[in-house]
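Take a look at the structure set out below.
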Amino acid sequence: MKSDWLNEQMLAAIDGTLSGTEQRRFDQALADDPAAQARFEALCALTERMRELPTRDEPLDFTDGVMARVSDIRRPWWVRLWIYLTRAHEVRVNLLGALAAAAAVVASVAVGVQLLRQEGTMPAPITAEVQKEYLMRFSYNDPQATQVYVAGSFNDWRKQQIQLTDSAGKGVWIGVLPLKPGIYEYMFYVDGHWVMDEHAQRYKDDGFGRKNAILELGTGDDLSI
Amino acid sequence: MERSEDALVVEAVLAGDRERYARLVDRYKKQMYNLAYRMTWNSEVARDLSQETFVRAYANLHRYRPDKSFFNWLYTICLNLTRNHLEKKRELLSEDGNAPDTWADTNPSAEQRSPESQMIERQATNGLETALSALPEELREAVVLRYLQELPFEAVAETLGVSLSAAKMRVYRGLERLRAILAGEGEVDEI
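Put into structure tokens, the structure is as follows:
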């Protein structure tokens, strides 16, 4: 495919990465094809213009905004355990410390066995701390609707992933979703159309003339929306 | 294997030094913000998408592979968020019966600015931003990454999740389409 070769050579020539031999072959190809020559010159000029486009400055509080949000993120215990087991970390051992630790383990086992004998029960399991999650109940009223979903920043706005159900057949569509603390935006997706939640307490303009409902989790234990 | 400075910072953050994440944000915020802006042409949306990029990256930091480029990983997250945003926007516009992907549609804030400031902005970019916004998303991503974000082709391929030759093809097709739009030829057949 000569055109594929020529196109690729044009990109390399724009970047100035052709070798001497390649450059000579490329120059000859352009000399034989005036249309390609004109196209190449236009593309050179175009890439030059693009590289001269000014960059935009991000908002001054950009980093603070990110750090304020990540401070609310707490990794689940199993992720923290996985990180601990899979990432390199320094372990220092000295002989005296190792002997003391071994003695402590032996003593613990002995005490545990003794307790089991005395009480005849197993000790309570050691439970790791689990990150708090909110059980959110989304509801949407529309007796005419046939399919209702909720989508938002909690699921990358995948519109047909979280379906609400009308189990009573009265047009009250309900779905329950576990969510971690944070601030989320969402909309309902009803029969192929995005619909605002009219009962949300806060909204944010989505830039397209509609409003995403805002859901802020971090206070209260169980909310219904 | 020697780890990159970014990978070492990631290690520190995963070990509990959360504040060091600000270094990564400071290092790459301009690139992420500009990528989101050049895909959406809306500064507020660009801010939200690029900040969300860093939040998602932090939440999934344990999934980052230290042998890969953190920078490219961020780009991939940012592009995915941008694609989701643009998909939602297209659906909203098509529901309203509007043709998507025009400069005014993708830059609603422009309508709120004075005609003079819009004219100045358009003159400053010589219509290039308008033409870029008319490119199909797949081609726009490739062109923006290569010539506005100035990523090498290998990084463009990694970010887009395609082969090197496919990335070059997209960039070339994007450039050719852009040239035709600016020349007033409108949509052209693929070469």
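Protein chains in written order, with the working numbering: chain A, -2 to 222; chain B, 9 to 199. Built from N, CA and C at the ideal position, the CB exists for glycine as well.
| Asked | Found |
| --- | --- |
| Coil, strand or helix - K201(A) by DSSP | strand |
| Extent of the continuous alpha helix (DSSP H) to which S58(B) belongs | S51 to A67 |
| Test item: CB-CB of G149(A) and Q160(A) under 8 Å | no |
| Reduced DSSP category for Q34(A) - H, G, I as helix; E, B as strand; rest coil | helix |
| Sequence-distant residues of the same chain with beta carbon closer than 8 Å to R21(A), five excluded per side | none |
| Which of helix, strand or coil DSSP assigns to G17(A) | helix |
| Neighbouring residues, chain A, relative to F62(B) (Cβ below 7 Å) | V63 |
| Contacting residues, own chain, Cβ-Cβ under 6 Å from D139(A) (five flanking each side not counted) | G168 |
| Those residues which DSSP pairs with M177(B) across a bridge | Paired residues: none, contrary to the question. |
| Spatial distance of A28(A) from F37(A) (CA atoms) | 11 Å |
| The stretch 174 to 201 of chain A: positions lying closer than 7 Å to chain B by Cβ | H190 and W191 |
| C-alpha distance - W170(A) paired with A150(B), whole-angstrom precision | 41 Å |
| CA nearest to the CA of R46(A), picked from L69(B), E158(B), S173(B) and V63(B) | E158(B) |
| T167(B) beta carbon less than 8 Å from that of L156(B) | no |
| 8 Å Cβ shell around E60(B) - same chain, five flanking residues per side excluded | L89 |
| Status (buried if at least 16 other CB within 10 Å, exposed otherwise) for R73(B) | exposed |
| Residues bridged to G172(A) (per DSSP) | F135(A) |
| Rounded Cβ spacing between E195(A) and R55(B) (contact assumed at less than 8 Å) | Not a contact, Cβ separation roughly 27 Å. |
| C-beta neighbour in chain A for R187(B), strict 8 Å | yes |
| Start-to-end residues for the beta strand (DSSP E) that takes in M184(A) | G179 to V187 |
| Span separating the alpha-carbon of V63(B) from that of A9(A) | 36 Å |
| Nearest-angstrom beta carbon gap, S58(B) and M40(B) [assumed within contact, 8 Å] | 4 Å |
| Cutoff 8 Å: V179(B) Cβ touching any chain A Cβ | yes |
| Beta carbon of P178(A) nearer than 8 Å to that of L214(A) | yes |
| W74(A), buried or exposed, once every other Cβ within 10 Å from all chains shown has been counted against 16 | exposed |
| Minimum Cβ-Cβ distance from N138(A) to chain B less than 8 Å | no |
| Unbroken alpha helix (DSSP H) run spanning E145(B), endpoints | E145 to V151 |
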